[in-house]
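**Student:** From first to last, the protein sequence lines are chains A and B. Residues in the first sequence are numbered consecutively from 17, following the numbering used here. Residues in the second sequence are numbered consecutively from 201, following the numbering used here.
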Amino acid sequence: MIISNLQRVAAIASVATLGLGATAASAQDMPELVINDEIAITTHAPAPAYLENLDEVISGWVFRSTETQALQMDDFDNPGMIFVDKAIDAWDKVEGTAGKSCAACHTGGPEEFAGLRATLPKWNEEKQALYTMEDYINECRTERMGAEAWKWSGADMTAMNALISLQSRGMTINVATDGPVADLWEQGKEIYYTRVGQLDLSCANCHEDNYGTMIRADRLSQGQVNGFPTYRLKNAKLNSIQGRFKGCMKNVRATPYKEGSEEFHALQLYVASRGNGLTVESPSVRN
Amino acid sequence: MKRKAFLLIGATVAFATMAAAEVVAPGDVVFEDGGAVAQSLTGVAGDPAAGREIFANRKLGNCLACHVNADLNEQLFHGEVGPPLDGVADRWEEAQLRGILVNSKNTFEGTIMPAFYRTDGLNRVLEKFQGKTVLTAQQVEDVLAYLMTLKEE
C-alpha cells in the first residue's frame with residue numbers, strides 16, 4: 017500500500033508538478049532535517065504497532081517544497097521564532113490579581129519544561145482530565161495568577177506554547193495511549209476514521225490513504241502534529257493543533273468540534289500518538 | 201443557471217416548466233447494478249462548456265483537486281488522488297459516468313471521491329450545506345456532458 021503510494025508519487029510527480037517551481041521531495045530522496053546545523057530531527061520512523069495501516073510515520077516537513085523546508089532549518093529564517101521572542105517577553109510580564117509573572121514561580125525559566133511537549137497531551141491526575149499545553153498554561157493563568165484565560169488559538173497562547181514546546185525540540189514524541197487515557201484514545205481513533213461533512217471524508221481518507229499525493233496544489237502529508245504550533249505561510253501566524261483540525265473539518269464542509277472540546281482532545285491524543293517515534297519540531301513551518 | 205441551460209437549447213417556457221417538474225430528487229435517483237444511472241436528472245441536455253467550468257471551479261466540482269485533466273492545462277494545479285480523466289468517455293458509458301458523479305460509492309466501494317448529488321447518510325454537515333447537494337441536478341448533467349467530450353480514440 018505504502019510502497020505503491022510512493023511509486024505512484026514518483027511516477028506522477030514529473031507530470032503533476034509541471035509548472036511548480038519547487039517540487040516537494042518524495043520520500044525517495046529522503047532529505048534530512050537538521051536545525052541550526054545542530055538539532056537532528058527524525059523525519060521517518062517505524063510506525064507504532066497500533067497503526068495497522070502504516071509502516072512508517074513521516075513528518076509533515078518531508079512533504080513541503082524545498083523553499084518551505086529551508087525556512088525550518090535555521091532559526092534566523094524561521095518566522096515562527098518571532099513569536100517565540102514575543103513569548104519570552106510575556107514570560108516576565110506580571111498579570112492578574114496575584115501580581116505574578118510566569119517567571120515568578122517557574123524560576124528555572126521555560127527550560128524547566130524540557131521534555132513536556134514530547135508527552136502531550138497527557139492525563140492530569142489531579143484534574144482527572146486529558147491535558148494539552150493550552151490547558152496547562154491557562155490553568156496557571158486562571159488558578160495561580162488570577163489572570164484571564166487566553167483564547168485557545170490566540171496569538172498569546174500559540175506564542176507561549178511555542179516557547180515551551182521549543183524546549184523539547186529534537187526530543188522523541190512519546191505520548192501515552194493506555195491507562196486512564198485508553199478510552200479517550202479509542203474515541204479519538206473513532207473520530208479519525210469517521211467520514212464527515214458534505215464531502216463525506218475522514219481524516220484517514222486524506223492523511224492515511226493518500227499521503228504523498230497532490231490534492232490540487234498541496235501535497236498531502238500524514239497530518240502529524242509533532243511540529244505544532246506551526247507557522248503557516250498561508251496565514252502568517254502560529255497555528256494551534258486544534259485550530260488546524262477545525263480547518264480540515266471545514267474544508268470538507270463539516271461542522272468542526274469546538275477548540276478545547278472533549279472530542280478535539282480525544283482526536284489530538286490519537287493523532288499525537290500516531291507521531292510516536294518522530295521528534296518535536298515546534299515551531300515548524302508549513303504552507 | 202437552469203435558465204441558461206434552457207436558453208441554450210432554445211426551449212419554450214412551456215417546455216421549461218415541464219422539464220423542471222422532472223428534476224429527480226437526490227433520494228429518488230435509481231442506480232443500476234454496478235452504480236450506473238440511466239435517466240437524466242433533469243431531462244435537459246447538459247452544456248459541456250458550463251460543465252468544463254464547474255469541473256475546474258474550486259467551490260463547485262473542484263474535480264482538479266484529485267484528477268489530472270489535460271484538457272484544462274491552463275489551470276496550474278491538478279491533483280493526483282484519482283486517475284487522470286483524459287479519454288474518460290472512451291472507458292465509460294454515459295450512464296456509468298452519471299452514476300459516478302451522483303454517488304461514486306456505488307461504483308467504487310469506499311472511494312474518497314465525494315458524491316455530488318446526495319444528501320442522505322452524511323454526518324455533521326456544516327449548517328449552510330445541510331440538505332444541499334454539492335452540485336445541482338443540472339450541474340451534474342453539465343459536467344457529464346463535458347466528460348463525454350473527453351475522448352482520445
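Heads up, the beta-carbon is just placed ideally off N, CA and C, and yes, glycines get one too.
#1: Within 8 Å (strictly less), CB to CB, does N221 of chain A reach chain B?
#2: My output table needs one value for D234 of chain A: the three-state DSSP class, helix, strand or coil.
#3: Please list, in chain order, the chain A residues whose beta carbon lies closer than 9 Å to that of E352 of chain B.
#4: Could you spell out the range, first to last residue, of the beta strand (DSSP E) harbouring T246 of chain A?
#5: Taking buried to mean at least 16 other C-beta atoms within 10 Å of its own C-beta, is R260 of chain A buried or exposed?
#6: Would L276 of chain B be called buried (16 or more neighbouring beta carbons within 10 Å of its own) or exposed?
#7: Between A41 of chain A and D271 of chain B, what straight-line distance do the alpha-carbon atoms span, to the nearest angstrom?
#8: Any C-beta of chain A within less than 9 Å: which residues of the segment 321-353 of chain B qualify?
#9: Taking Cβ-Cβ distances below 7 Å as the criterion, which residues of the segment 295-315 of chain B are in contact with chain A?
#10: Which whole-angstrom value is the C-beta distance of L62 of chain A and G291 of chain A, which I expect to be below 8 Å?
#11: Are S289 of chain A and A178 of chain A closer than 8 Å when you measure CB to CB?
#12: Just verifying my parser: in three-state terms, what is the DSSP assignment at R24 of chain A?
#13: Classify P137 of chain A: buried if its beta carbon has 16 or more other beta carbons within 10 angstroms, exposed otherwise.
#14: With R302 of chain A as the anchor, note down where its beta strand (DSSP E) starts and where it stops.
#15: In the DSSP output, which residue or residues are listed as bridge partners for V212 of chain A?
#16: Using only alpha-carbon positions, find the residue among A:A270, A:V197 and A:T123 that is nearest to K328 of chain B.
#17: Just to confirm my understanding: we take S117 of chain A, look at its own chain, exclude 5 residues before and 5 after, and list those with CB closer than 6 Å. What are they?
#18: For D53 of chain A, which of A:V73, A:Q214 and A:M89 has the nearest alpha-carbon?
#19: Pick out the complete alpha helix (DSSP H) segments inside the segment 49-120 of chain A, 4 residues or longer, and give them in chain order.
#20: Show which residues of chain A have a CB atom less than 8 Å away from the CB atom of A265 of chain B.
#21: Starting from the C-beta of D286 of chain B, find all residues in its chain whose C-beta is less than 7 Å away, skip the five residues before and the five after it, and write them out in chain order.
#22: Report back the beta-carbon spacing between L215 of chain A and N226 of chain A to the nearest angstrom; my notes put them in contact at under 8 Å.
#23: Identify the continuous alpha helix (DSSP H) that holds K305 of chain B and give its terminal residues.
#24: Does chain A have any CB closer than 8 Å to the CB of G287 of chain B?
#25: Tell me, please, whether the CB atom of G235 of chain B is closer than 8 Å to any CB atom in chain A?
#26: List the residues of chain A whose Cβ lies closer than 8 Å to the Cβ of G279 of chain B, in chain order.
#27: Could you give the first and the last residue of the continuous beta strand (DSSP E) run that contains N140 of chain A?
#28: Start and end of the alpha helix (DSSP H) containing T177 of chain A?
#29: CB-CB under 6 Å to Q238 of chain A, same chain, minus the five flanking residues each way: which ones, in chain order?
#30: In the DSSP assignment, what are the bridge partners of A270 of chain A?
#31: Count the other CB atoms within 10 Å of the CB of G213 of chain A; is the residue buried (16 or more) or exposed (fewer)?
#32: Is V340 of chain B closer than 8 Å to L192 of chain B when the C-beta atoms are compared?
#33: At the 8 Å Cβ level, is T271 of chain A part of the contact set with chain B, yes or no?
#34: Could you tell me whether the Cβ atoms of S256 of chain A and W168 of chain A are closer together than 8 Å?
#35: If you drop the 5 nearest sequence neighbours on each side, which residues of the same chain put their C-beta closer than 6 Å to that of A175 of chain A?
#36: Using the beta-carbon of each residue, which ones in chain B are nearer than 7 Å to V212 of chain A?
**Tutor:** Let me lay it out:
#1: For N221 of chain A, the answer is yes, since a Cβ of chain B falls inside 8 Å of its Cβ.
#2: strand
#3: Those within 9 Å of E352 of chain B in chain A number zero; the least Cβ separation is about 16 Å.
#4: T246 to R248
#5: buried
#6: exposed
#7: For A41 of chain A, the predicted structure reports a pLDDT of 44, less than 50, and the residue's modelled location is therefore unreliable. The matter cannot be settled from this model.
#8: Taking 9 Å as the Cβ-Cβ cut-off, the segment 321-353 of chain B approaches chain A at G321, L322, N323, R324, V325, L326, E327, K328, F329, Q330, K332, T333 and V334, given in chain order.
#9: I312, P314 and A315
#10: Sequence check: residue 62 of chain A is Pro here, not Leu. Contact flag wrong, Cβ pair sits at about 12 Å.
#11: no
#12: With a pLDDT of only 38 at R24 of chain A, under 50, the local geometry of the prediction cannot be trusted, and the value read off the model is given with reservation. R24 of chain A: helix per DSSP, three-state reduction.
#13: Under this definition P137 of chain A is a buried residue.
#14: S300 to R302
#15: A:L217
#16: Considering only alpha carbons, the answer is A:A270.
#17: D108, K109 and V110
#18: A:M89
#19: 82-87 and 96-107
#20: I231 and R232
#21: N269, A270, L350 and E352
#22: Rounded, the Cβ-Cβ distance is 14 Å, inconsistent with contact.
#23: Note, K305 of chain B: premise wrong, no alpha helix (DSSP H); not H, not E.
#24: no
#25: no
#26: A32, T229, M230, I231 and R232
#27: Start and end: K138 to N140.
#28: In the sequence on display, residue 177 of chain A carries Asn and not Thr. Note, N177 of chain A: alpha helix (DSSP H), A171 to L182.
#29: I74, H223 and Y227
#30: B:V325
#31: buried
#32: Chain B is shown only over 201 to 353; residue 192 of chain B falls outside these bounds and no answer can be derived.
#33: The Cβ of T271 of chain A sits closer than 8 Å to at least one Cβ of chain B.
#34: yes
#35: F99, K102 and A103
#36: For V212 of chain A, the chain B residues whose C-beta falls within less than 7 Å of its own C-beta are N323 and R324, listed in chain order.
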